[in-house]
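Before any comments, here is the structure.
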Amino acid sequence: MEKKAFQAESQRLLDLMINSIYTHKEIFLRELISNASDAVDKLAYQALTDDKVGLDRSEFKIILTPDQAARTLTISDNGIGMTAEELENNLGTIAKSGSLQFKQDMAAKDQGAGKSDVDIIGQFGVGFYSAFMVADQVTVTSKAYGQDAAWRWTSDGKDGYTMEPCEKTGYGTDVVLHIKANTEDDHYDEYLEQYRLSDLVKKYSDYIHCPIMMLMHKSRQKPRPEDAGDDYKPEWEDYDAWETLNSMVPLWQRPKSEVEQGEYNQFYKEKYSDWEDPLSVIHVSAEGAVEYKAMLYIPGHTPFDFYSREFEKGLQLYSSGVLIMDKCADLLPDHFRFVRGVVDSQDFSLNISREMLQHTRQLKVIAGNLEKKIKNELLKLQKDKREDYEKFWKAFGLQLKYGVLADYGAHKDLLKDLLLFWSSKEGRLITLAEYQARMPEDQKFVYYASGESVERIAQLPQAERILDKGYEILCLTEDPDEFVMNTLAELEGKPFKSVNDSDALPESDEEKAQAQQKTEENKDVLDFVKETLGDRVKEVRISKILKTGPVCLTTDGPITLEMEKYFQRMDPQQAGEMKAQRVLELNGDSGAFAALRAAMDSDRDKAGRYAEILYHQALLIAGLPIDDPARYTELVCGLMD
Numbered sequence: 103m104e105k106k107a108f109q110a111e112s113q114r115l116l117d118l119m120i121n122s123i124y125t126h127k128e129i130f131l132r133e134l135i136s137n138a139s140d141a142v143d144k145l146a147y148q149a150l151t152d153d154k155v156g157l158d159r160s161e162f163k164i165i166l167t168p169d170q171a172a173r174t175l176t177i178s179d180n181g182i183g184m185t186a187e188e189l190e191n192n193l194g195t196i197a198k199s200g201s202l203q204f205k206q207d208m209a210a211k212d213q214g215a216g217k218s219d220v221d222i223i224g225q226f227g228v229g230f231y232s233a234f235m236v237a238d239q240v241t242v243t244s245k246a247y248g249q250d251a252a253w254r255w256t257s258d259g260k261d262g263y264t265m266e267p268c269e270k271t272g273y274g275t276d277v278v279l280h281i282k283a284n285t286e287d288d289h290y291d292e293y294l295e296q297y298r299l300s301d302l303v304k305k306y307s308d309y310i311h312c313p314i315m316m317l318m319h320k321s322r323q324k325p326r327p328e329d330a331g332d333d334y335k336p337e338w339e340d341y342d343a344w345e346t347l348n349s350m351v352p353l354w355q356r357p358k359s360e361v362e363q364g365e366y367n368q369f370y371k372e373k374y375s376d377w378e379d380p381l382s383v384i385h386v387s388a389e390g391a392v393e394y395k396a397m398l399y400i401p402g403h404t405p406f407d408f409y410s411r412e413f414e415k416g417l418q419l420y421s422s423g424v425l426i427m428d429k430c431a432d433l434l435p436d437h438f439r440f441v442r443g444v445v446d447s448q449d450f451s452l453n454i455s456r457e458m459l460q461h462t463r464q465l466k467v468i469a470g471n472l473e474k475k476i477k478n479e480l481l482k483l484q485k486d487k488r489e490d491y492e493k494f495w496k497a498f499g500l501q502l503k504y505g506v507l508a509d510y511g512a513h514k515d516l517l518k519d520l521l522l523f524w525s526s527k528e529g530r531l532i533t534l535a536e537y538q539a540r541m542p543e544d545q546k547f548v549y550y551a552s553g554e555s556v557e558r559i560a561q562l563p564q565a566e567r568i569l570d571k572g573y574e575i576l577c578l579t580e581d582p583d584e585f586v587m588n589t590l591a592e593l594e595g596k597p598f599k600s601v602n603d604s605d606a607l608p609e610s611d612e613e614k615a616q617a618q619q620k621t622e623e624n625k626d627v628l629d630f631v632k633e634t635l636g637d638r639v640k641e642v643r644i645s646k647i648l649k650t651g652p653v654c655l656t657t658d659g660p661i662t663l664e665m666e667k668y669f670q671r672m673d674p675q676q677a678g679e680m681k682a683q684r685v686l687e688l689n690g691d692s693g694a695f696a697a698l699r700a701a702m703d704s705d706r707d708k709a710g711r712y713a714e715i716l717y718h719q720a721l722l723i724a725g726l727p728i729d730d731p732a733r734y735t736e737l738v739c740g741l742m743d
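Residues in the sequence shown are numbered consecutively from 103, following my numbering.
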């Protein structure tokens, strides 16, 4: 038998295809099953107009037959088969695809009549050669529909192939792979193991339209004999049974009206190994410039590694039911990285290995549409199922806040309606829209206060005057909160304002004059306290924000005390460069200030101790550590002498 050289390229190109195009060796099974599926679809299409085919859709199948003794894996189909000429053209010429030609022929036939219903997966004609990643010889036996002769194509994938006539019962194709021997680095035996093959079918080809079957070796318990005594031990027997490995019809391909909630939940828990039902499901069937189907899930809790570097975002990407990418990151923005699900489209332009996208236009269109649908679903959840939304917020609210900050606030308008903050007035989480709806007409700002907890914020003396006005305060208790407020800047024209800001409440000219007078009258006290505390504070001032509380700590400049705490936690070594400029604010009307004033006139050492005590109290109120607790204890106990 004469060996023929590959027509298209040199040995170097063939080596490139076998060893470099595909990322994982296991991909070979996906490619060969896809080719078999194409062959079945072609004959099924012909059966619609040709009664001689003698098969209906339910009779088409793909069969896997592993033989460990012979080290062969056979992929068989009863599809349209190939003639000798087609074997030469499709397998003897690298990158010549019969599926692509068939698809082009159908498109020409259906021109002007809309899209053809035929779904052909393979387009590049190189998938077949992935078999040589795991096989040292491949034999293809095929008999084309309508032909009497069958042909056998054989190659070791090195320098050519042989062709010879042969006998074959029925139409279709058998691809026999002689699996390579194991090496130190590669365990090829796994491709002869039934359960490994079953797993690969589930992973990559679960939604191929026709059954993928394999004769499985199983064990079962024999029936208990009627006369068995108490000491009877169960006996087992081995048997073989045909098993369909794929589910064939993906859930997302079915009309939404025909899918029960329980089916959605079961798919989610099995697919993503979650013990809990998802909070919500988004089922999309989109038509237009790009046609696709999607099924997205919003989980009810964070994965254990969600906020770690190991977590990978992305949706499973299918092209006509064949898995292309397990996690396509480009389909999800970072702020919605918690979403899980699948996207399936025939419109993707895939590269030669089908493992990556060749062009991104379709991807961008789909990603943009999905982002809007995810937001709308979250808003619906927020409105109709508030308890579920608050559960979602507890799990992923922090991610949305980081999304507001990302890309210099580019997504803030998209995400602001989804944010929740604790309300001082309602005693619960509220949206910014709910806050705005309750604002009195005379309220000029949206107020917020920061602290370690809602309870600590409620005790802040600087919040007292805002609350006494009847204004609502948003309580910020998480690291990014103040950065979020700075990024949002305003809510429908009303600026966000910290209760620490001296201009948080408008002042009349008379109030400004009184404050100025009080500062001038007590300048010597303020200078004394500043001299006593030194560089620990930038300034000491008579407070405009305290009502009954004697003291508090605020800041000048863009870095607040909460930001300083955040930088300290994130990078203690560099935190020194990101310190707030502290300002000690004293209530000029308080008893503590009167005692300080009196001590200034009678005992300046005592006045110095009072100044330090007030500063330490301000640190405690702000939730900041005291540098020298022993010194503070000594100062307080000294008051008891």
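C-beta: ideal position from N, C-alpha, C; glycine also.
Cβ-Cβ distance between residue i and residue j below 8 Å
i: K127; j: V236; result: yes
i: L502; j: L517; result: yes
i: M316; j: E295; result: no
i: D658; j: E679; result: no
i: Q464; j: S421; result: no
i: V813; j: L193; result: Within the shown structure, residues of the chain are numbered from 103 to 743, placing residue 813 beyond reach of any answer.
i: A246; j: K270; result: no
i: P380; j: P401; result: yes
i: P582; j: Y491; result: no
Between the CA atoms of residue j and residue i - distance to the nearest angstrom
i: I728; j: K708; result: 20 Å
i: L688; j: T404; result: 44 Å
i: D291; j: L279; result: 12 Å
i: A283; j: H289; result: 8 Å
i: G470; j: L686; result: 49 Å
i: N478; j: V424; result: 29 Å
i: E609; j: K599; result: 15 Å
i: A171; j: I281; result: 11 Å
i: A149; j: D276; result: 21 Å
i: R439; j: V386; result: 18 Å
i: G725; j: G553; result: 7 Å
Range covered by the beta strand (DSSP E) that runs through residue i
i: A330; result: Unbroken run through A330: none, as it is neither H nor E.
i: W354; result: Taken as a continuous stretch (DSSP letters only), W354 belongs to no beta strand (DSSP E), as it is neither H nor E.
i: H319; result: I314 to Q323
i: L517; result: No beta strand (DSSP E) contains L517, which is instead part of the alpha helix (DSSP H) from K514 to L517.
i: R567; result: Run containing R567: none in the beta strand (DSSP E); it sits in the alpha helix (DSSP H), E566 to D570.
i: G364; result: Careful: G364 lies outside any beta strand (DSSP E), inside the alpha helix (DSSP H) at Q363 to Y374.
i: L193; result: Note, L193: premise wrong, no beta strand (DSSP E); alpha helix (DSSP H) at A186 to L193.
Sequence-distant residues of the same chain with beta carbon closer than 8 Å to residue i, five excluded per side
i: N348; result: V303, K304, S307, D308, Y309, I310, P313 and I314
i: V467; result: A391 and V392
i: K320; result: D340, Y341, D342 and A343
i: E337; result: Q323 and K324
i: I164; result: I135, A138, S139, V142, I177, S178, D179, I310, C312, P313, I314 and M315
Which of helix, strand or coil DSSP assigns to residue i
i: M672; result: helix
i: S139; result: helix
i: L593; result: strand
i: K503; result: helix
i: F226; result: Low confidence applies here, because F226 scores a pLDDT of 37, under 50, leaving its location unreliable and the question unanswered by this model.
i: S300; result: helix
i: P168; result: strand
i: A283; result: coil
i: Q249; result: coil
i: M103; result: coil
i: H385; result: strand
i: R159; result: helix
i: F598; result: strand
i: K217; result: Per-residue confidence for K217 stands at a pLDDT of 48, beneath the threshold of 50, marking its modelled position as unreliable; no derived number is given.
i: Q561; result: coil
i: Q418; result: strand
Where the alpha helix (DSSP H) containing residue i begins and where it ends
i: E473; result: R463 to D486
i: D740; result: Residue identity differs from the one stated: residue 740 is Gly in this sequence, not Asp. Looking at the DSSP string, the run of the alpha helix (DSSP H) that includes G740 is P731 to G740.
i: M702; result: G693 to S704
i: Q538; result: L534 to R540
i: D340; result: Note, D340: premise wrong, no alpha helix (DSSP H); beta strand (DSSP E) at W338 to T346.
i: Y549; result: Taken as a continuous stretch (DSSP letters only), Y549 belongs to no alpha helix (DSSP H), being part of the beta strand (DSSP E) at V548 to S552.
i: E633; result: K625 to L635
Neighbour flag for residue i against chain E, beta carbons, 8 Å
i: D743; result: Going by chain labels, chain E is absent from the structure shown, which holds only one protein chain.
Cut-off 6 Å between Cβ atoms - residues of its own chain near residue i, not counting five sequence neighbours on either side
i: L131; result: L302
i: E187; result: none
i: L635; result: Y717
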